Amino acid sequence: VHHKDAVWIALIGAFITIAFTNPHDVQDALRNHVEWDTLLFFAGLFVLVEVCAAMGLLDAIGDIISGIIEQEEEDAQLPVAITLILWVSAITSAFLDNIPYTATMIPV
Numbered sequence: 075v076h077h078k079d080a081v082w083i084a085l086i087g088a089f090i091t092i093a094f095t096n097p098h099d100v101q102d103a104l105r106n107h108v109e110w111d112t113l114l115f116f117a118g119l120f121v122l123v124e125v126c127a128a129m130g131l132l133d134a135i136g137d138i139i140s141g142i143i144e145q146e147e148e149d150a151q152l153p154v155a156i157t158l159i160l161w162v163s164a165i166t167s168a169f170l171d172n173i174p175y176t177a178t179m180i181p182v
């Protein structure tokens, strides 16, 4: 299981669930009980984050922040780093998920 993609495990689980369920129950659940707007929002969010990562935007942000911190004198690096990471985290978390943001901050 650990070497399989999560997509295949989810699809197999969905297929098994649908195979052993009454089709009318599935249709009712899909129409009335699934929050499609929330699912589409998160799907769009994940696509947006992957596009930003593929374009190199996340790496560029991490490189810019680490460059700003390295330019400061040795005594001022820690306060500047704390302030930058705090503010960049607050602003970036409004647009990105936590995992891509963590990957962005690895160079820092």
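Residue numbers (my numbering): 75 to 182.
Think of the CB as a built atom: it goes at the ideal place given N, C-alpha and C, for glycine as much as any other residue.
Please read all numbers here as calculations on a predicted model, not as lab measurements.
Closest option to Ala127, judged by alpha-carbon separation, among Asp171, Ser140, His107, Val81: Asp171. Contact between the stretch 134–142 and the stretch 154–167 is present: three or more C-beta pairs spanning the two stretches fall below 8 Å. The three-state reading of DSSP puts Asp137 in helix, counting H, G and I together.
Taken in chain order, the complete beta strand (DSSP E) segments of 3 or more residues contained in the stretch 85–153 number zero; there are none. A buried status is given to Pro174, since no fewer than 16 other beta-carbon atoms sit within 10 Å of its beta-carbon. By the CB criterion at 7 Å, Ile165 and Val154 fall outside the cutoff.
Going by beta carbons, Val81 and Ile92 fall outside the 7 Å limit.
When secondary structure is reduced to three states using DSSP, Ala168 falls in the coil class, being assigned neither helix nor strand.
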